[in-house]
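A.B. asks:
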Amino acid sequence: MSQDISIWTTEALAVFAKEWRCELRTGYALNTLGLFAITTLVVMSISLGHLGIASTEPTTVLPVLLWILLLFAVSAGLPRAFVFEEESQTAIALRLSARPSSLFCGKLAYSFSVVLALEIIVTPLFLTLMHLKIETMPVLLFALVAGGYGLAAGGTLVAAIIAQARSSTTLFSVLALPVLLPLLVLAIEITRSAVAGDPAPIASRQLLLYDGSVTIAGLLLFPAVWNP
Amino acid sequence: MKKTLPWILFLWIALVIWGAFKYAPLAEGFIGDSSRILFFHVPMAWGAFVGFIAAGIWSARYLFGNRDPRHDRAALASIEVGLIFCILATVSGAIWAKVMWGTYWNWDPRQVWITVAILFYGAYLALRSAVQDRQTRRRLAAAYAILGLVVAPFLFFILPRMTGFTLHPEPVVNQQGKMEMNPQILHVLLLGSSGFTVLFFWIHNLRCRLEDLAESAMFPSQGAHNDR
Chain X
4 MSQDISIWTT EALAVFAKEW RCELRTGYAL NTLGLFAITT LVVMSISLGH
54 LGIASTEPTT VLPVLLWILL LFAVSAGLPR AFVFEEESQT AIALRLSARP
104 SSLFCGKLAY SFSVVLALEI IVTPLFLTLM HLKIETMPVL LFALVAGGYG
154 LAAGGTLVAA IIAQARSSTT LFSVLALPVL LPLLVLAIEI TRSAVAGDPA
204 PIASRQLLLY DGSVTIAGLL LFPAVWNP
Chain L
6 MKKTLPWILF LWIALVIWGA FKYAPLAEGF IGDSSRILFF HVPMAWGAFV
56 GFIAAGIWSA RYLFGNRDPR HDRAALASIE VGLIFCILAT VSGAIWAKVM
106 WGTYWNWDPR QVWITVAILF YGAYLALRSA VQDRQTRRRL AAAYAILGLV
156 VAPFLFFILP RMTGFTLHPE PVVNQQGKME MNPQILHVLL LGSSGFTVLF
206 FWIHNLRCRL EDLAESAMFP SQGAHNDR
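Top to bottom, those sequences are chains X and L. In this text, residue positions in the first sequence follow this note's numbering: the first is 4, and each later residue adds one. In this text, residue positions in the second sequence follow this note's numbering: the first is 6, and each later residue adds one.
(1) Could you tell me the alpha carbon to alpha carbon distance between A219/L and C213/L, rounded to whole angstroms?
(2) Curious, which full-length alpha helix (DSSP H) runs of at least 4 residues does the stretch 160-218 of chain X contain?
(3) Which of helix, strand or coil does DSSP assign to T139/X?
(4) Label A172/X either buried or exposed according to how many other C-beta atoms from any shown protein chain fall within 10 Å of its C-beta, with 16 as the threshold for buried.
(5) Compare the C-alpha of P231/X against each of R144/L, F45/L, R66/L and name the closest.
(6) Assuming V77/X and L147/X are in contact, meaning their beta carbons sit under 8 Å apart, how far apart are those beta carbons, in whole angstroms?
(7) Determine the extent of the alpha helix (DSSP H) in which E92/X is found, giving its start and end residues.
(8) For S198/L, count neighbouring C-beta atoms within 10 Å of its own C-beta (all shown protein chains included) and say buried if the count is 16 or more, exposed if not.
(9) Closer than 9 Å, Cβ to any Cβ of chain L: which residues of the stretch 152-170 of chain X, in chain order?
(10) By the DSSP assignment, the alpha helix (DSSP H) with S97/L in it spans what residues?
(11) Would the beta-carbon of L3/X fall within 8 Å of that of L121/X?
(12) What did DSSP end up calling D138/L once you bin it into helix, strand or coil?
(13) Taking the straight line between their C-alpha atoms, what separation do you get for M49/L and A197/X?
(14) Around the Cβ of A19/L, are there at least 16 other Cβ atoms within 10 angstroms (buried) or fewer (exposed)?
(15) What do you reckon, is the C-beta of T35/X under 7 Å from a heavy atom of the ligand NAD?
(16) Just the C-alpha distance for I42/L and F125/L, rounded to the nearest angstrom, thanks.
(17) Excluding the 5 residues flanking A168/X on each side, which residues of the same chain have their C-beta closer than 6 Å to its C-beta?
(18) Buried or exposed for Q6/X, please, with buried defined as at least 16 other CB atoms from any protein chain shown within 10 angstroms of its CB.
(19) Could you list the residues in the stretch 139-156 of chain L with a C-beta less than 7 Å from some C-beta on chain X, going in chain order?
(20) Return the CA-CA distance between A222/L and L215/L, expressed in angstroms with no decimal places.
(21) Along the chain, where does the alpha helix (DSSP H) that runs through I58/L open and close?
(22) Please classify E192/X: is it buried, with 16 or more other beta-carbons within 10 angstroms of its beta-carbon, or exposed?
(23) Touching or not, the stretch 94-107 of chain L and the stretch 62-73 of chain L, by the rule of three or more beta carbon pairs under 8 Å?
(24) How big is the Cα-Cα spacing for R75/L and A150/L?
(25) Using a threshold of 8 Å, state whether the C-beta atoms of D214/X and A156/X are closer than that.
(26) When we look at the beta-carbon of F44/L and count the other beta-carbons within 10 Å, is it buried (16 or more) or exposed?
(27) Under 8 Å between beta-carbons, which chain L residues line up against Y213/X? List them in chain order, please.
(28) Exposed or buried, Y109/L, counting other C-beta atoms within 10 Å across all chains shown (16 or more means buried)?
(29) Report the three-state DSSP secondary structure of F145/X (helix, strand or coil).
(30) Examine chain X for any beta-carbon lying closer than 8 Å to the beta-carbon of I163/L, and answer yes or no.
(31) Out of C25/X, Q209/X, Q92/X, which has the shortest C-alpha to C-alpha gap to G150/X?
(32) Could you tell me if L132/L is buried or exposed, where buried requires 16 or more neighbouring beta carbons within 10 angstroms of its beta carbon?
(33) Cutting at 7 Å between CB atoms, please list the residues of its own chain near D38/L, excluding the five before and the five after it.
(34) At least one CB of chain X closer than 8 Å to the CB of L132/L: is that the case?
(35) Which residues in chain X sit within 9 Å of A128/L, going by Cβ to Cβ distance?
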């Protein structure tokens, strides 16, 4: 039993390390996600700065913009995790090297780390450029970590589904949005609470429930999706 | 039974129509006769929800069972019929909203979530059309439908209640778990909901039989049930 767990952990860590090694070789995901997010942020900042935004509106509008920015940046980069394996014909080798659950967890850990890296770059820039003041920082950090995890979990599973389809990157947005929309609403609600200074938003529990549900669904469904 | 069911169903729906216009009184707080549309709107929304759940269950039977293509066809038929119910519920709701609220659409939480359900149904059909290999298509579509089953409680129950503000009337069973409704209105609503559920499964059965015939015609050597 303990040997099984040890093998499983080694496989998951190997997949995680392999993903980062490939990423550092090409820099595809970080470059795409980062540049997409920063370009969108600059466009938002110029548009809003020029048009102006009423002093009562930032609390309502800006958390929405932050999460839409993150969602679309993730949609631009995350599908690559599995599409790349199919395109470079390494999927069969990967199927032989790791069991589906450890592979899913390795890919999920990689996606989560990429989303966290994106949030670390984008959020301070967003807060500075948009002059958004955060009253309760721990609540914002919770929203970013739990929301980022949900984006990674839902995104990884949908990426695995679309990898075997035609025009997969376009399909990712179509398939991922209805799945990720509840997460988006909950994360926006918590971010608004962070701006308003609410120390314990009600949506936190629902967000954790969403994260847990999608992770369990991922672990259950991934073997069937991955193995022909 | 196959020959008598359509007649029973015909009488059942005729009884619902008679009940909606002749038996049930006008509901308090509604403008004119607008409450009568709810005897069709609520059962159709219920039918859409049944379609969602049925598609998830049939997909789970396909994916985790013996991969019987009939289960996949049943899931597809559920989505197709459910989508029609969903669109009809949205349109009838919009007509009612125009009379009551003065506008067809006002982004009420329930309107938002039924829109997301339509997007989900549409994404499922888009996924199916993007995969050429039949077995891969069934596998991926089944996984996505089950993922929908995981997200459905958030769309239908958690988020509409969390948002708080809604112009929608109380559901049949209110948030205190009680039925506070005129008994005659309740009778027609229950008769309509059960009637539309039977109607859903009757159309679903016809759709499945048509799909079986089409499959047998396209692949006569394999037979409709043995092309795993």
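Cβ atoms here follow ideal geometry from the backbone N, Cα and C, with glycine treated the same way.
C.D. replies: Looking at the coordinates:
(1) As a position in the second sequence, residue 219/L is number 214, starting the count at 1. As a position in the second sequence, residue 213/L is number 208, starting the count at 1. A219/L and C213/L: Cα-Cα distance of roughly 10 Å.
(2) 171-199
(3) As a position in the first sequence, residue 139/X is number 136, starting the count at 1. If DSSP states are grouped into helix, strand and coil, T139/X belongs with coil.
(4) In the first sequence, the residue the question calls residue 172/X occupies position 169. Sequence check: residue 172/X is Thr here, not Ala. The residue is exposed, with fewer than 16 neighbouring Cβ atoms inside 10 Å.
(5) Here residue 231/X corresponds to residue number 228 of the first sequence, with the count starting at 1. Of the listed residues, the one whose Cα sits closest to P231/X is R144/L.
(6) Here residue 77/X corresponds to residue number 74 of the first sequence, with the count starting at 1. Here residue 147/X corresponds to residue number 144 of the first sequence, with the count starting at 1. Not confirmed; about 13 Å, so no contact.
(7) As a working mapping, residue 92/X is identified with position 89 in the first sequence. The amino acid at residue 92/X is misidentified as Glu; the sequence shows Gln. Taken as a continuous stretch (DSSP letters only), Q92/X belongs to no alpha helix (DSSP H), as it is neither H nor E.
(8) As a working note, residue 198/L is residue 193 in the second sequence. Buried.
(9) G157, L160, V161, A163, I164, I165, Q167, A168, R169, S170
(10) Within the second sequence, residue 97/L is the residue found at index 92, counting from 1. First-last of the alpha helix (DSSP H) with S97/L: 74-106.
(11) Past the boundaries of the shown model lies residue 3/X; chain X is included only from 4 to 231, so the question cannot be answered.
(12) If you number the second sequence from 1, residue 138/L lands on position 133. D138/L: coil per DSSP, three-state reduction.
(13) If you number the second sequence from 1, residue 49/L lands on position 44. If you number the first sequence from 1, residue 197/X lands on position 194. Those two C-alpha atoms are separated by around 39 Å.
(14) As a first step, residue 19/L is located in the second sequence; it is residue number 14 there, counting from the start. Looking at its Cβ environment, which holds fewer than 16 other Cβ atoms inside 10 Å, A19/L is exposed.
(15) Among the components of this structure there are no ligands whatsoever, and the ligand NAD is therefore not found.
(16) To locate residue 42/L, count along the second sequence from 1; it is residue 37. To locate residue 125/L, count along the second sequence from 1; it is residue 120. Rounded to whole angstroms, I42/L to F125/L spans 26 Å at the Cα level.
(17) Counted from its first residue, the first sequence places residue 168/X at position 165. L174.
(18) On the first sequence, residue 6/X is found 3 positions in, with the first residue counted as 1. Exposed, because fewer than 16 other Cβ atoms sit within 10 Å of the Cβ of Q6/X.
(19) T141, R144, L145, A148, Y149, I151, L152, V155, V156
(20) Position 217 of the second sequence, counted from the start, is the residue given in the question as residue 222/L. Position 210 of the second sequence, counted from the start, is the residue given in the question as residue 215/L. When rounded, the distance between both Cα atoms is 11 Å.
(21) As a first step, residue 58/L is located in the second sequence; it is residue number 53 there, counting from the start. First-last of the alpha helix (DSSP H) with I58/L: 43-69.
(22) Taking the first sequence and counting its residues from 1, the one referred to as residue 192/X is at position 189. Under this definition E192/X is a buried residue.
(23) no
(24) Along the second sequence, one-based indexing puts residue 75/L at 70. Along the second sequence, one-based indexing puts residue 150/L at 145. Taking the straight line joining both Cα atoms gives about 15 Å.
(25) Mapped onto the first sequence, residue 214/X falls at position 211. Mapped onto the first sequence, residue 156/X falls at position 153. Yes; because the gap between Cβ atoms is below 8 Å, this pair is in contact.
(26) Here residue 44/L refers to the residue found at position 39 when the second sequence is read from its first residue. F44/L is buried by the Cβ-count criterion.
(27) Looking up residue 213/X in the first sequence gives position 210. Correct list: F159.
(28) By 1-based counting over the second sequence, the position of residue 109/L is 104. Exposed, by the Cβ-count rule.
(29) What you label residue 145/X is simply residue 142 of the first sequence in a count that begins at 1. Looking at F145/X - three-state DSSP - the assignment turns out to be helix.
(30) Looking up residue 163/L in the second sequence gives position 158. Yes, its Cβ sits closer than 8 Å to a Cβ of chain X.
(31) The residue given as residue 150/X occupies position 147 in the first sequence. Cα-wise, what sits closest to G150/X is Q209/X.
(32) Looking up residue 132/L in the second sequence gives position 127. Burial call: buried.
(33) As a working note, residue 38/L is residue 33 in the second sequence. The answer, listed in chain order, is L31.
(34) Residue 132/L sits at position 127 when you count from the first residue of the second sequence. For L132/L, the answer is yes, since a Cβ of chain X falls inside 8 Å of its Cβ.
(35) Here residue 128/L corresponds to residue number 123 of the second sequence, with the count starting at 1. Correct list: L174, V177, L178, A179, L180, P181, V182.
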